Every structure is written in C-alpha cells, then in structure tokens.
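Chemist: Heads up, the sequence shown stops at 410 in the working numbering, and the numbers go up one at a time, no gaps.
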Amino acid sequence: MEEYKAGLERAGFFDVRVVPTKPHEVNAEILSQDVGALSEEELLALKGLSSSALITALRP
Numbered sequence: 351m352e353e354y355k356a357g358l359e360r361a362g363f364f365d366v367r368v369v370p371t372k373p374h375e376v377n378a379e380i381l382s383q384d385v386g387a388l389s390e391e392e393l394l395a396l397k398g399l400s401s402s403a404l405i406t407a408l409r410p
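#1: Do you know how far the Cα of M351 is from the Cα of L358?
#2: Do you know whose CA, among V369, E379, L388, lies nearest A403's CA?
#3: Would you grab the beta carbon distance between S401 and T371 for me? Rounded to a whole angstrom, and I think it's under 8 Å.
#4: Taking the DSSP output, what are the residues bridged to T406?
#5: Mapping DSSP to helix, strand and coil, what is K397?
#6: Let me check one thing: in DSSP terms, what residues is K372 bridge-paired to?
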C-alpha cells in the first residue's frame, strides 16, 4: 500500500489515503497448480497479501 500511496504522491496527489476494505482469501488449490504444493507456513505468509481498498486523494 505504501508503494501505491508514494506513486500517487509523485504524480502530484496529496492527502492520499489507502484503506484496506476486504482481504482476499488465497485459494491454495488454484495456487498449487502454478507453484506446486505450499507448506502451512507459506500459506500463512500469503494471508492478507491481497485485498480490496478504498483509495482517495486530492490533486491541486
């Protein structure tokens, strides 16, 4: 989120707010088709990695 916020600020926006609204669940079955089997530790590390967000900013 910080990278997204920084990008908007570099583009001239200010008062940038990024508020996560809904975390996405990781579908281990689908993911394993691309990367192979994942351990419980790896699955836990992915938790909260992706979410929807409400993004607001002002531009002069």
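Glycine residues also receive a C-beta, built at the ideal position from the N, C-alpha and C atoms.
All values derive from a computational prediction rather than experimental measurement.
Modeler: If we stick to the structure as given:
#1: For this step, residue 358 is matched to residue 8 along the sequence shown. For this step, residue 351 is matched to residue 1 along the sequence shown. One C-alpha to the other measures close to 11 Å.
#2: Taking the sequence shown and counting its residues from 1, one reaches residue 403 at position 53. Of the candidates V369, E379, L388, the one whose C-alpha sits nearest the C-alpha of A403 is V369.
#3: For the purposes of this step, residue 401 is taken as the residue at position 51 of the sequence shown. For the purposes of this step, residue 371 is taken as the residue at position 21 of the sequence shown. Confirmed, Cβ separation roughly 7 Å.
#4: Working through the sequence shown from its first residue, we reach residue 406 at position 56. T406 pairs with R367.
#5: The count along the sequence shown starts at 1 and reaches residue 397 at position 47. Residue state for K397 is assigned as coil, using DSSP reduced to three classes.
#6: In the sequence shown, the residue the question calls residue 372 occupies position 22. Paired residue(s): S402.
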